[in-house]
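According to the working numbering, the sequence shown is numbered sequentially starting from 135. Ideal Cβ placement from N, Cα and C applies to all residues, glycine included. What follows is a set of notes on a single structure, which appears directly below.
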Amino acid sequence: MKKKITITALLVLSLLFGALYHTDILPVRDCNVVFLILAVAVIQLRKPELGIYCSMIALPFANFRNVYVLTLFTFAAFLLKEKRLKISGIDYGVLLFLFIVLIASIIAFPLISSFKSFYYYVSAVMIMFIIAKSFDKTKLNILLLCFLLSATVVSLIGIYQYFTLEMSPQLWLWADRSTNAHLRVRVYSTLDNPNILAEYLVIACSIGTGLFLQCGTAWKKRIVAVATLINVMCLLATFSRGGWLGLALACFIILYYEERKLIPVILTLGAMLLVFLPVEVMERIKSIANISDTANAYRFIIWSASLRMFKDSWLIGTGYGTFNQIYPGYSATTVNFVHAHNVFLNIAVETGIWGLLMFLFNVAVTCKAGLVTARNAIDQYYRRLSYTSTAALSGLLFHGLVDHVLYDARIIFMFWMLIGIIFAAGNEDYSGDSLGNDS
Numbered sequence: 135m136k137k138k139i140t141i142t143a144l145l146v147l148s149l150l151f152g153a154l155y156h157t158d159i160l161p162v163r164d165c166n167v168v169f170l171i172l173a174v175a176v177i178q179l180r181k182p183e184l185g186i187y188c189s190m191i192a193l194p195f196a197n198f199r200n201v202y203v204l205t206l207f208t209f210a211a212f213l214l215k216e217k218r219l220k221i222s223g224i225d226y227g228v229l230l231f232l233f234i235v236l237i238a239s240i241i242a243f244p245l246i247s248s249f250k251s252f253y254y255y256v257s258a259v260m261i262m263f264i265i266a267k268s269f270d271k272t273k274l275n276i277l278l279l280c281f282l283l284s285a286t287v288v289s290l291i292g293i294y295q296y297f298t299l300e301m302s303p304q305l306w307l308w309a310d311r312s313t314n315a316h317l318r319v320r321v322y323s324t325l326d327n328p329n330i331l332a333e334y335l336v337i338a339c340s341i342g343t344g345l346f347l348q349c350g351t352a353w354k355k356r357i358v359a360v361a362t363l364i365n366v367m368c369l370l371a372t373f374s375r376g377g378w379l380g381l382a383l384a385c386f387i388i389l390y391y392e393e394r395k396l397i398p399v400i401l402t403l404g405a406m407l408l409v410f411l412p413v414e415v416m417e418r419i420k421s422i423a424n425i426s427d428t429a430n431a432y433r434f435i436i437w438s439a440s441l442r443m444f445k446d447s448w449l450i451g452t453g454y455g456t457f458n459q460i461y462p463g464y465s466a467t468t469v470n471f472v473h474a475h476n477v478f479l480n481i482a483v484e485t486g487i488w489g490l491l492m493f494l495f496n497v498a499v500t501c502k503a504g505l506v507t508a509r510n511a512i513d514q515y516y517r518r519l520s521y522t523s524t525a526a527l528s529g530l531l532f533h534g535l536v537d538h539v540l541y542d543a544r545i546i547f548m549f550w551m552l553i554g555i556i557f558a559a560g561n562e563d564y565s566g567d568s569l570g571n572d573s
C-alpha cells in the first residue's frame with residue numbers, strides 16, 4: 135500500500151513540477167532537484183515503468199534535459215531489475231541507425247551541440263527498449279492514460295491561447311498573411327511552435343481514439359471521448375496543414391481496421407461538411423496546393439538546396455545537427471532555415487545514404503510488425519493498440535513530408551515510444567483477459 139501511495143505521489147509531482155517549470159514559478163534549480171529526486175526514487179523502487187510514466191506526463195511541460203536525466207536513471211533501474219538486456223530482431227536495426235547517427239555526430243561541428251542531440255536520441259531509444267521488452271497490458275494501459283492526461287492539459291492551454299492571443303509579427307512568421315487573411319492566431323501551447331504541437335497532437339488523437347474504442351464502460355468512454363475531442367480541437371487551432379493531413383491519414387488507417395465499410399460514408403459526409411467550416415480553416419485548406427503561398431514556395435527552395443547538399447555529401451552526410459550551418463552555402467535566398475522541412479531529406483543530408491536507408495528500414499519493419507499484429511492478434515486490446523499506434527506513427531511521418539518532425543527532442547521521444555509500444559504489443563502472447571476493456 136505504501137509503495138502504491140509513493141508511486142501515485144511521484145506521478146502527481148512530475149505533472150505539478152513540470153507545469154510549474156514551464157510557468158517559471160519555480161526556479162530552474164528547484165525543478166532540477168525535483169527531477170533528481172524522481173530519478174533516485176525510480177532506482178530505489180526498481181520500477182523503470184514509473185520513470186517512463188513520469189517522463190510521459192512531464193514531457194511537454196519540463197525542460198527536456200530533466201526528462202533526459204530521468205530516462206537515464208530509468209534505464210539503469212531497468213538493467214538492475216532485468217540483469218541483462220536481450221537483443222533481437224529490430225534491435226539490431228535500431229542500434230545500427232544509432233551508430234550511424236553517432237558517426238554523423240563525431241564529424242559534425244560544433245561537436246558538443248551535435249552530441250547533445252545524439253544523447254537525446256539515445257535516451258529516447260532507451261525508452262523504446264524498456265517498453266518493447268518489459269511492458270505488459272497493465273503497464274501499457276497506464277502509459278497511454280498518462281499520455282492522454284498530459285496531452286489534454288497541453289490542449290486546454292492551447293485552446294485558452296486561441297481565445298486570448300492575437301497574431302503578432304512573430305506568429306505571422308508561421309503563416310502567409312496574403313493567403314490567410316482571416317487567420318487570427320496559431321496556438322502552440324507549451325511546445326513553443328504550432329507545427330511541433332500539431333505533431334504531438336496527431337499522436338495524442340490517434341492514441342485517444344484507440345483508448346476510446348477499447349473502453350468497456352459508458353462513463354469511461356465519455357471521459358476518453360471528451361479528452362480526445364479536446365485534443366482534436368487544439369490540433370485544429372494550430373492551423374498546421376501538415377498536422378491536419380497527418381491526422382486524416384491516421385484516422386483513415388484506424389477506420390480501415392475498425393470498420394472499413396464506413397469509409398465511403400465518412401468521406402462523403404466530410405466533403406459535405408466542408409462548406410460549414412470557418413473561413414480561416416478553409417483558407418488554410420485551400421493554401422495547401424497554392425504554390426504562391428510563402429510557406430509552400432520556401433519549401434521548394436529548401437528542398438532544392440537540400441538535394442544539392444545531399445548530392446555533395448551523400449555517403450556520410452554533413453554531420454548530425456549541422457543543416458542550419460551548411461544550408462546558407464546552398465541557399466538561393468538570404469533567408470536561413472534550421473532544417474529541411476522534410477524528415478527524410480533532413481536525415482539524408484545529415485547522416486548520408488546509410489542513415490536514410492537504416493531509418494527507412496526501421497520504419498518499414500515497425501509498420502509491418504504493427505499491421506501483422508493488427509491482423510493476427512487474438513486479444514482485441516493488442517489488435518487495436520497495434521493499428522492505432524501504427525496509425526499515429528504513419529500520421530507523424532506523413533506530416534514529416536513537409537516538416538522535419540524529428541527536429542524537436544520531445545517528438546523524438548514520442549516517435550521511439552510509439553515504436554516501443556508497437557513491438558510490445560507484438561511481443562505478447564495475446565492470452566488472458568483484456569485489461570483494456572475496462573480501462
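Buried/exposed call for residue i, threshold 16 Cβ in 10 Å
{"i": "Trp-378", "result": "buried"}
{"i": "Thr-362", "result": "buried"}
{"i": "Thr-190", "result": "A small fix is needed here, since residue 190 is Met in this sequence, not Thr. Its Cβ being crowded by 16 or more others within 10 Å, Met-190 is buried."}
{"i": "Arg-518", "result": "buried"}
{"i": "Gly-554", "result": "buried"}
{"i": "Pro-161", "result": "Legend: pLDDT at Pro-161 = 48, less than 50; position of this residue unreliable, no value from coordinates given."}
{"i": "Pro-194", "result": "buried"}
{"i": "Ser-289", "result": "buried"}
{"i": "Gly-560", "result": "buried"}
{"i": "Ile-422", "result": "exposed"}
{"i": "Ile-400", "result": "exposed"}
{"i": "Ile-221", "result": "exposed"}
{"i": "Trp-550", "result": "buried"}
{"i": "Val-201", "result": "buried"}
{"i": "Ile-264", "result": "buried"}
{"i": "Ile-556", "result": "buried"}
{"i": "Val-409", "result": "exposed"}
{"i": "Val-358", "result": "buried"}
{"i": "Gly-463", "result": "exposed"}
{"i": "Met-260", "result": "buried"}
{"i": "Gly-223", "result": "exposed"}
{"i": "Phe-434", "result": "exposed"}
{"i": "Thr-456", "result": "buried"}
Beta-carbon proximity list for residue i, same chain, < 7 Å, skipping 5 on both sides
{"i": "Leu-449", "result": "Gly-486, Ile-487"}
{"i": "Gly-344", "result": "Arg-518, Leu-519, Thr-522"}
{"i": "Tyr-391", "result": "Ala-508, Tyr-521"}
{"i": "Arg-442", "result": "Tyr-464"}
Limits of the alpha helix (DSSP H) - the one that residue i falls within
{"i": "Ser-520", "result": "514 to 533"}
{"i": "Ala-474", "result": "Neither: Ala-474 is in no alpha helix (DSSP H) and is coded neither H nor E."}
{"i": "Asn-365", "result": "352 to 371"}
{"i": "Tyr-454", "result": "Taken as a continuous stretch (DSSP letters only), Tyr-454 belongs to no alpha helix (DSSP H), as it is neither H nor E."}
{"i": "Trp-550", "result": "543 to 561"}
{"i": "Ile-337", "result": "328 to 348"}
{"i": "Asp-225", "result": "224 to 240"}
{"i": "Gly-380", "result": "375 to 393"}
{"i": "Tyr-322", "result": "Where Tyr-322 is concerned, there is no enclosing alpha helix (DSSP H), given that its DSSP letter is neither H nor E."}
{"i": "Asp-76", "result": "Any question about residue 76 goes unanswered here, given that the chain covers just 135 to 573."}
{"i": "Ile-400", "result": "397 to 407"}
{"i": "Arg-418", "result": "413 to 421"}
{"i": "Ile-425", "result": "Run containing Ile-425: none; DSSP gives neither H nor E here."}
{"i": "Val-203", "result": "198 to 216"}
{"i": "Val-536", "result": "From DSSP, Val-536 is part of no alpha helix (DSSP H); its letter is neither H nor E."}
{"i": "Ile-191", "result": "182 to 192"}
For residue i, the nearest candidate out of the options (CA to CA)
{"i": "Tyr-432", "options": "Lys-355, Arg-544, Gly-453, Ser-465", "result": "Ser-465"}
{"i": "Cys-349", "options": "Val-228, Leu-530, Tyr-515", "result": "Tyr-515"}
{"i": "Lys-273", "options": "Gly-529, Tyr-187, Lys-445", "result": "Tyr-187"}
{"i": "Gly-380", "options": "Phe-263, Leu-283, Leu-331", "result": "Leu-331"}
{"i": "Leu-230", "options": "Asp-326, Leu-491, Leu-535, Ala-526", "result": "Leu-491"}
{"i": "Tyr-296", "options": "Asn-496, Arg-180, Ser-251, Arg-318", "result": "Arg-318"}
{"i": "Phe-233", "options": "Val-256, Phe-198, Ala-384", "result": "Val-256"}
{"i": "Tyr-294", "options": "Tyr-254, Gly-463, Asn-329, Thr-324", "result": "Thr-324"}
{"i": "Glu-393", "options": "Val-415, Leu-347, Ala-558", "result": "Leu-347"}
{"i": "Cys-368", "options": "Gly-534, Glu-414, Leu-383, Val-287", "result": "Val-287"}
{"i": "Ile-337", "options": "Val-415, Thr-524, Tyr-461, Ala-543", "result": "Thr-524"}
{"i": "Lys-355", "options": "Met-416, Gly-342, Glu-484", "result": "Gly-342"}
{"i": "Ser-374", "options": "Tyr-254, Ile-357, Leu-335, Lys-395", "result": "Leu-335"}
{"i": "Leu-236", "options": "Gly-489, Cys-339, Leu-530", "result": "Gly-489"}
{"i": "Arg-180", "options": "Pro-328, Asp-537, Phe-198, Phe-212", "result": "Phe-212"}
{"i": "Asp-513", "options": "Lys-271, Leu-219, Leu-403, Ile-240", "result": "Lys-271"}
Spatial neighbours of residue i in its chain, beta-carbon cut-off 8 Å, leaving aside the 5 residues before and after
{"i": "Glu-216", "result": "Lys-267, Ser-268"}
{"i": "Trp-437", "result": "Ala-474, His-475, Asn-476, Leu-479"}
{"i": "Leu-411", "result": "Ile-419"}
{"i": "Met-416", "result": "Leu-408"}
Residues near residue i by beta carbon distance below 6 Å, same chain, minus five either side
{"i": "Cys-280", "result": "Tyr-187, Met-190, Ile-191"}
{"i": "Ala-258", "result": "Ile-546, Phe-547, Trp-550"}
{"i": "Phe-444", "result": "Ala-482, Val-483"}
{"i": "Leu-527", "result": "Leu-552"}
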